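A short write-up of the structure that comes next.
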Amino acid sequence: MKMDYLQALKRVDEARGAWIMHGQEPLLEQNLLDAFRKSWSTHEIERQRYDISNVGDWRNVFNALNSLSLFSTQLAVEVHGNIKPDASSLKLLKSYIQQNEHNLLLVVMPKQDSNSLKSSFFQLIEANGVTVPLTANYPQDRQRILGLEAEKLGIRLASDAWQWLEQHHEHNLLAAKNSLMRVSDTFADVEVIQIDHLYSCLQDQSRYTTYDLNDALLDGNLAQSIKIFQYLIASGEAMTLILWSISKEMRLLMQLFEQPQNALQLGIWKNKISVYQQALRRLNPAVFLNWPALLLRIDASIKGIGNENPEHLIQQAISSLCGKPLFSDIA
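Printed below as a string of structure tokens:
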């Protein structure tokens with residue numbers, strides 16, 4: 491079955507079998523993962539994490555699901571990556587779904603195209619488990635999601651303040667949540683937040699934003715990009731938001747390279763098409779092959795997995811996007 495984000499949040503405690511979360515909304519992904527991990531901890535469910543870097547890694551996942559430690563009665567296996575199981579691993583998945591009613595396989599994947607959603611892997615889980623697209627395509631969906639965030643912070647916004655917040659952040663939920671946190675701290679005693687409160691709180695919060703970083707990246711201005719990145723880090727911008735901005739530009743450039751006539755359908759604004767086209771002319775297409783792995787490394791380092799420094803990795807991504815890679819292995 492398919493569930494949206496808000497439905498999935500309500501079903502976390504009873505989740506069993508196989509679930510897939512997929513999308514490009516870091517706020518929704520992080521909130522759901524936090525809810526799952528809290529539930530597992532509360533119910534003393536053993537948790538294991540696997541990062542899929544090749545098809546063979548799926549065997550380790552199913553081996554884990556079919557074995558428990560001496561001190562556990564239930565297991566949750568959290569899988570991250572963008573590589574789907576092959577035919578032999580799909581057989582193991584079918585066997586797991588049919589025979590194991592107590593454990594949970596939770597797969598976390600980036601946004602998938604229509605062909606991927608029609609694959610045997612997705613079809614099998616949708617028919618026997620749960621798929622959760624991490625999207626919020628409509629204003630009412632985004633406001634409900636952010637309404638929950640405001641409720642957690644103990645604040646209320648006037649209806650026109652919601653509209654201003656969404657327009658200000660161009661539908662970026664994670665950035666909007668960060669703004670709610672700022673306005674909550676600044677106007678803790680205000681009963682209903684108005685547009686004036688938002689504006690006065692946010693206009694001076696940062697000299698640069700992630701949108702300025704995106705513009706500098708597309709222009710190929712390495713010095714300005716690094717300057718903005720360092721400012722964002724110093725001003726406390728969430729690393730996940732910076733990664734989201736960089737990965738969005740990488741994804742759009744790769745998609746535009748493959749579908750040069752479909753810029754509008756890919757979500758590129760009409761007045762930005764020429765900027766993306768100029769960026770493509772500047773870049774060597776060979777760099778696209780390295781971007782997915784680099785983004786996975788950044789994501790893992792932000793989550794504290796491994797010994798790599800996320801700031802250093804993000805600077806590598808920035809340099810690569812500007813067409814001036816720091817190292818030959820990501821050229």
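In our numbering, the protein residues as written are 491 to 821.
Beta carbons are placed, not taken as given, at the ideal position from N, Cα and C, and that holds for glycine.
Just so you know, these numbers come straight off a predicted model, no measurement behind them.
Residues of its chain near Ile736, where Cβ-Cβ distance is below 6 Å and the 5 sequence neighbours each way are ignored: Around Ile736: Ala807.
Per-residue burial, Glu754 [other beta carbons within 10 Å of its own, 16 or more giving buried]: According to the sequence provided, residue 754 is Leu. The question's Glu does not apply to it. Of the residues assessed, Leu754 falls on the exposed side of the cut-off, its CB having fewer than 16 other CB atoms within 10 angstroms.
Simplified DSSP assignment, three categories, for His570: Under the three-state reduction of DSSP, His570 is assigned to strand.
DSSP state of Glu639 mapped onto helix, strand, coil: For Glu639, the three-state secondary structure derived from DSSP is helix.
Chain-order list of residues whose beta-carbon lies under 6 Å from that of Asp702 (same chain, five-residue window excluded): Ile718.
Residue environment, Lys528, which counts as buried when at least 16 other CB atoms sit within 10 Å: Residue environment analysis places Lys528 among the exposed positions, since fewer than 16 neighbouring C-beta atoms fall within 10 angstroms of its C-beta.
Stretch pair the segment 658 to 669 + the segment 611 to 625: three plus CB contacts closer than 8 Å: Contact between the segment 658 to 669 and the segment 611 to 625 is not established, with fewer than three Cβ pairs separated by less than 8 Å.
Counted within 10 angstroms of its Cβ, other Cβ atoms place Leu496 as buried (16 or more) or exposed: Classification for Leu496: exposed.
Reference Gln602; option with closest CA among Leu803, Ala706, Met511 and Asp709: That would be Met511, whose Cα lies nearest to the Cα of Gln602.
Other residues of its chain near Ser606: CB distance less than 6 Å, five sequence neighbours each side excluded: Annotation for Ser606: no residue places its beta carbon closer than 6 Å to its own, counting only its chain and skipping 5 residues before and after.
Other residues of its chain near Lys738: CB distance less than 8 Å, five sequence neighbours each side excluded: Taken in chain order, the residues that qualify are Gln514 and Asn704.
Helix, strand or coil at Ala508 according to DSSP, with G and I counted as helix: Residue state for Ala508 is assigned as strand, using DSSP reduced to three classes.
Straight-line Cα distance separating Ile716 from Leu722: Cα-Cα distance, rounded: 10 Å.
Contacts around Leu664, its chain only, beta-carbon distance under 6 Å, and the 5 residues preceding and following it disregarded: The beta carbon of Leu664 sits closer than 6 Å to the beta carbons of Pro516, Leu517 and Leu731 from its chain, once the five residues preceding and following it are set aside; these are given in chain order.
Nonlocal neighbours in the same chain, by C-beta distance under 6 Å from Gln805, ignoring five residues either side: Excluding positions up to five away in sequence, the list is empty.
Contact under 8 Å by Cβ, Met491 with Glu591: No, Cβ-Cβ distance for Met491 and Glu591 is not below 8 Å.
Own chain, CB closer than 8 Å to Ala554, minus 5 neighbours either side, in chain order: Here the set comprises Gln538, Tyr540, Leu565 and Val567.
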